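Read in order, the letters of the sequence shown correspond to residues 10 to 651 in this note's numbering. The beta-carbon is built from N, C-alpha and C at its ideal position, and this holds for glycine as well. Since the model is a prediction, treat every value here as computed from it, not as a measurement. Before any comments, here is the structure.
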Amino acid sequence: MTRFRPHRLNTLALALIMTLVGPAWAEPPKDGRYNALPSETPADFKPATGAFDYEKRDVMILMRDGVKLHTVILVPKGAKHAGILFTRTPYNATEMTSAIESGHLAVSVSHDDDASDVLVQDGYIRVVQDIRGKYGSEGDYVMNRPVHGPLNPTPVDDSTDAYDTIDWLVHHVAESNGRVAILGISYDGFEPLMAIIHPHPALKAAVPMNPMVDGWMGDDWFHHGAFRQQNLEYIYEQTASRKNAFKWAVNYADDYQFFLEGVSAGAIARHYGMEQLGFWNKVLAHPAYDAFWSQQAVDKILAHEPVTVPTMVVASLWDQEDIYGAFAVYHAMKAHDDANRLFLVAGPWFHGQEVGDGSSLGAVRFGSDTALYFRQHILRPFLAHYLKDAVDVPAPVNAFVTGANRWETGSAWPLSPAGTLTLRPQSDHALLLGGASSASGSVSYVSDPAHPVPYRPRPVGPMSGRGWQHWLTNDQREAASRPDVATFTSQVLTEPVRISGAPRVHLVASTSGTDADWVVKVIDVYPDQAAQQPEMGGYQLGISMDIFRGRYREGFDKPASLTANVALPYDFTLPNANHVFLPGHRIMVQVQSSWFPLYDRNPQRFVPNILLAAPGDFVPAEQRIVTGADGTTIDLPLSKGV
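In structure tokens, the structure reads:
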């Protein structure tokens with residue numbers, strides 16, 4: 010009997026395999042391709058787009074310094090002599106032009122930064138470009154790259170990049186009529202403001218919507234010196250990589266708890282390795298309003314530029330991100346708008362809501378789709394006038410009057426000024442409307458950094474969540490019920506009170522600490538019962554609210570400790586409003602010393618840099634609001650008509 014030898018069978022099988030496919034250890038081809046089994050993916054696939062109603066062109070446009078910027082061009086089929094709607098973005102041009110994969114242009118551009126209905130209705134060519142250093146574009150990314158000057162010694166900035174791109178477009182997009190409008194929201198709204206600095210002759214209109222203008226004074230990074238620490242997530246994701254590849258991860262369901270345990274913005278940033286990020290290091294090095302911030306404030310730059318390009322500035326009255334910039338840049342430009350090329354729109358929206366549904370904001374209803382009205386009756390004729398020679402042009406100012414729920418027009422902002430109404434808090438928590446105050450008094454509360462006042466009801470979700478969009482219209486009754494919030498309420502109104510513009514705060518207060526934050530809110534208190542909308546019964550709607558960091562009372566560039574237990578004046582403005590307090594309502598003022606975790610906690614003990622405050626720096630403090638004669642006042646800017 011022959012003995013079975015398995016190893017001999019294996020050897021024969023291996024020899025047969027080697028004969029068929031070659032030795033297993035043979036070196037693979039250098040390009041990774043095998044002729045015996047070729048790839049099933051073509052080297053250059055060409056999509057069949059015959060059924061599309063537009064043509065997509067993906068190009069790299071050369072800038073004056075040799076850098077190429079990735080640009081997507083969408084041309085409607087059959088377009089001739091069409092105007093161009095241009096957006097520059099750090100948020101991915103490819104994604105913005107293919108929000109939904111579709112052969113229909115209207116669907117493809119349905120993005121939260123695009124007035125797609127106007128684009129399609131009037132047959133415009135759509136162009137979206139990745140700004141320098143982001144996504145498909147070459148070059149280095151710098152947050153809100155400053156214009157050429159002390160903060161930017163290079164020969165290029167967002168103004169030159171916009172100029173070079175427009176020059177290329179009008180020479181290479183044969184279907185265009187040589188006219189360009191630049192528009193965008195937020196960071197994309199900052200870009201139109203850059204483009205109107207030494208603009209290209211083909212730039213015929215600009216629409217900066219909710220633009221980033223002054224990141225320290227009242228937009229994204231600080232408000233009157235208080236740091237908006239929930240923006241750490243944005244800074245991290247936006248600057249850590251070209252394509253926002255690194256995501257902010259947290260192990261908490263409640264941002265309130267996360268930031269409370271994190272102690273300070275600086276400590277949290279170190280935990281995430283943010284010392285590697287150039288922009289964060291600049292924020293950390295410049296907590297006060299020094300030259301780094303003031304020299305790049307866009308309103309200050311445009312205050313010295315002639316208004317040569319028709320510009321429509323769009324503001325949201327409840328903008329949770331950039332509530333300061335639109336009105337600031339409007340006032341800066343209005344001072345030298347000799348040819349009447351400046352326009353302003355103020356709508357009852359959150360940040361960017363003007364390109365969505367504007368029928369309501371949170372619990373507040375407006376009786377119509379205010380955003381649709383803006384796009385069809387204000388934006389559309391504005392663009393058509395300057396890109397297509399249409400006759401109609403909107404009024405210089407279009408503003409929605411909240412409370413009365415109607416649009417009004419005017420020649421300038423504020424609308425129909427009619428003096429001021431002085432609100433006078435009293436020691437019995439009453440709020441006098443005008444007239445003389447009673448004798449001086451005070452209202453006090455203890456502010457404890459271990460238990461800060463939430464800026465919206467807990468659990469506080471991330472800024473990317475839905476609750477973030479409408480927190481400025483949240484019911485303020487929860488705050489009013491806290492012992493660390495001073496509340497002052499008027500009698501029931503017997504006639505309407507119409508305001509238009511920015512309320513001015515003259516707060517007189519003392520603290521037992523050596524630093525303090527002051528949050529002041531002007532609130533519309535609804536009647537206890539509301540027949541048409543029962544859930545609004547007793548609702549406390551914030552109309553104009555903001556924060557001020559006490560160390561800057563002597564100057565935003567001059568942080569200084571406060572003298573403990575001495576009443577000191579703090580003067581600042583609140584965000585613009587355009588509102589009617591109706592009969593049957595009441596006016597309320599709330600004052601508190603934290604708005605957490607959106608704003609970092611003030612230790613209430615003076616330290617050189619609050620961003621780097623240590624656990625032992627945080628102490629409770631007694632805050633005392635001086636009322637009555639020579640005490641706290643808030644001036645409301647009255648407007649004619651109701």
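Item	Value
Do you know how far the Cα of A355 is from the Cα of D228?	16 Å
Taking the beta strand (DSSP E) that P606 falls in, what are its first and last residues?	Run containing P606: none; DSSP gives neither H nor E here.
Around the C-beta of G5, are 16 or more other C-beta atoms found within 10 angstroms, so that it is buried, or is it exposed?	With the chain covering 10 to 651 only, the question about residue 5 has no answer from this structure.
Within this structure, are the beta carbons of S553 and L583 separated by less than 7 Å?	yes
May I ask you to list the residues that DSSP assigns as paired with F231?	F236
Leaving aside the five residues before and after W358 along the sequence, list all residues of the same chain whose C-beta is less than 8 Å from its C-beta, in chain order.	S325, L326, W327, D328, G367, L370, T379 and A380
Drop a sphere of 10 angstroms on the beta-carbon of F54, count the other beta-carbons inside from all chains shown, and report buried for 16 or more, exposed for fewer.	exposed
Rounded to the nearest angstrom, what separates V6 and Q138 at their Cα positions?	The chain is shown only over 10 to 651; residue 6 falls outside these bounds and no answer can be derived.
Please tell me whether I175 and V189 are closer than 7 Å, where the distance is taken between their beta carbons.	yes
Does the beta-carbon distance from V307 to V222 come in below 7 Å?	yes
What residue ranges within the region 86 to 142 form continuous beta strand (DSSP E) runs of no fewer than 3 residues, ordered along the chain?	91 to 98 and 134 to 139
Measuring only the C-alpha atoms, how far is V506 from W289?	44 Å
From this set, A372, G365 and H209, which residue's C-alpha is nearest Q385's C-alpha?	G365
Thinking C-beta only, is T50 closer than 7 Å to L83?	no
Just to confirm before moving on: does the CB-CB distance between G198 and P210 stay below 7 Å?	no
Considering only DSSP beta bridges, list what W416 is partnered with.	F409
By how many angstroms is the C-alpha of R350 removed from the C-alpha of T317?	7 Å
Three or more C-beta pairs under 8 Å: does that hold for the region 607 to 623 against the region 389 to 397?	no
Within the same chain, show all residues whose beta-carbon is closer than 7 Å to that of K256, passing over the 5 residues directly before and after it, in chain order.	E246
Looking at V600 and A488, is the spacing between their C-beta atoms short of 7 Å?	no
With DSSP run on the structure shown, which of helix, strand or coil describes Y561?	helix
Can you give the Cα-Cα distance for Q632 and S456, rounded to whole angstroms?	7 Å
Would you list the one or two residues that DSSP bridges to L583?	Paired residues: none, contrary to the question.
Taking only the alpha-carbon atoms, compute the straight-line gap between D122 and A108 and give it to the nearest angstrom.	11 Å
Taking M203 as part of the alpha helix (DSSP H), name the residues at either end of that continuous run.	Y196 to A204
Check for me: the beta strand (DSSP E) holding T482 runs from which residue to which?	Unbroken run through T482: none, as it is neither H nor E.
Beta-carbon within less than 7 Å of L607's beta-carbon, same chain only, minus the 5 sequence neighbours each way: which residues are those?	R237, Q239 and Y464
Given this structure, state the Cα-to-Cα distance separating Y259 from P592, to the nearest angstrom.	Sequence check: residue 259 is Val here, not Tyr. Between V259 and P592, the C-alpha separation is close to 46 Å.
In angstroms, rounded to a whole number, what distance separates the CA positions of W230 and G193?	20 Å
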